[in-house]
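Protein sequences appear in the order of chains W and E.
Going by our numbering, the first sequence wraps up at 110, each residue one higher than the last.
Going by our numbering, the second sequence wraps up at 110, each residue one higher than the last.
Structure first, then comments.
Protein chains: 2
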Amino acid sequence: MNIAVKALAALAQETRLTIFRTLVQAGESGVPAGQLAKELGIPNATLSFHLKELTHAELVIARQESRFIYYSANFATMNALMSYLTENCCTGTPCGIVKVCCDEKNS
Amino acid sequence: MNIAVKALAALAQETRLTIFRTLVQAGESGVPAGQLAKELGIPNATLSFHLKELTHAELVIARQESRFIYYSANFATMNALMSYLTENCCTGTPCGIVKVCCDEKNS
DNA sequence: TATTCATTTCCATGATAATGGAAGCATGGA
DNA sequence: TCCATGCTTCCATTATCATGGAAATGAATA
């Protein structure tokens with residue numbers, strides 16, 4: 004529950020949502036911080052702050068590679084969040100089923 | 004985009020997330036405000052404030068019925084939100100597909 | 001019309017978050 | 001060891017949000 008609130012709070016911010024979606028689209032390999040800053044036109048300090056928030060919420064994973072730090076989306080958390088939101092929906096009335104995204108690793 | 008941020012911000016709060024999930028589980032018929040307040044142990048003013056936020060974010064729908072106001076989850080918005088989050092994920096790499104929930108009306 | 005009941009608005013208080021320049025900290029090349 | 005580069009932390013400022021008691025609104029019944 005608190006995990007879900009943290010994740011939602013992390014995404015509930017224009018800049019962070021943009022960052023996250025960019026990383027979702029980039030896939031598992033991720034993008035180095037500097038490139039993100041350039042691509043999105045965000046000052047380093049600001050980007051760093053938001054990446055920290057996203058990482059803290061476990062929506063994003065950081066991986067160091069020489070002098071670069073690659074950030075990538077954490078699909079497991081995203082999927083868990085979506086499941087949480089739709090849990091027991093409609094008192095069990097048959098309805099569309101929520102399938103997770105990009106979970107080759109977790110299924 | 005702003006719609007998504009508003010929806011996420013609305014959900015990024017313990018009390019509101021609880022309210023929303025309760026309504027998701029209650030299904031289309033909804034729950035009157037007073038009953039929600041009792042069930043969740045939230046003061047009227049506080050509940051009203053949060054319901055307003057959720058309604059403003061179009062995550063929740065209000066329907067008056069005599070003296071009661073029934074609140075219910077807006078599944079269309081929820082589904083749109085989840086699609087937005089996973090849009091173009093993994094640069095098109097084949098992966099699980101996100102299916103929407105409870106959308107008999109929209110599909 | 002007066003009354004009751006469900007819900008909302010008002011408002012003051014306290015708390016938390018966003019921003020970005022400047023300084024600091026690592027890593028790797030010369 | 002010195003320097004350049006990639007990224008982060010520090011910090012002060014500004015803005016936004018959560019809470020709940022009390023008063024107000026608005027709908028049904030007598």
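Just so you know, even glycine gets a beta-carbon here, dropped at the ideal spot from N, CA and C.
Treat the numbers as computed from the prediction; the structure is a model and nothing was measured.
N- and C-terminal bounds of the beta strand (DSSP E) containing residue i
i, result
"E/Ile-72", "71 to 76"
Minimum Cβ-Cβ distance from residue i to chain W less than 8 angstroms
i, result
"E/Ala-29", "yes"
"E/Val-63", "no"
"E/Val-34", "no"
"E/Asn-47", "no"
"E/Arg-70", "no"
"E/Leu-20", "yes"
Straight-line gap, residue i to residue j (C-alpha atoms, nearest Å)
i, j, result
"E/Gly-37", "W/Gln-28", "43 angstroms"
"W/Thr-49", "E/Cys-92", "25 angstroms"
"W/Cys-104", "W/Asn-47", "30 angstroms"
"E/Ala-83", "E/Leu-62", "11 angstroms"
"E/Leu-11", "E/Glu-56", "11 angstroms"
"W/Thr-94", "E/Leu-14", "20 angstroms"
"W/Ala-79", "E/Glu-31", "29 angstroms"
"E/Leu-20", "E/Ile-6", "17 angstroms"
"W/Ile-64", "E/Gln-67", "46 angstroms"
"W/Glu-42", "E/Gln-16", "31 angstroms"
"W/Leu-54", "W/Lys-9", "14 angstroms"
"E/Pro-114", "W/Leu-88", "Past the edges of chain E, shown from 4 to 110, lies residue 114 of chain E, and the structure says nothing about it."
"W/Arg-70", "W/Ala-40", "16 angstroms"
Endpoints, the alpha helix (DSSP H) within which residue i is located
i, result
"W/Glu-17", "17 to 29"
"E/Glu-68", "Premise fails: E/Glu-68 lies in the beta strand (DSSP E), 63 to 68, not in any alpha helix (DSSP H)."
"E/Gly-37", "36 to 43"
"E/Ser-51", "47 to 59"
"E/Asn-5", "5 to 14"
Residue i at chain E interface by Cβ criterion, 8 angstroms
i, result
"W/Leu-88", "yes"
"W/Thr-94", "yes"
"W/Glu-17", "yes"
"W/Arg-66", "no"
"W/Asn-77", "no"
"W/Leu-50", "no"
Margin query: Taking beta-carbon pairs under 7 angstroms, can you tell me which members of the region 4 to 15 of chain W lie near chain E?
Written below: Ala-7, Val-8, Leu-11, Ala-12, Leu-14, Ala-15
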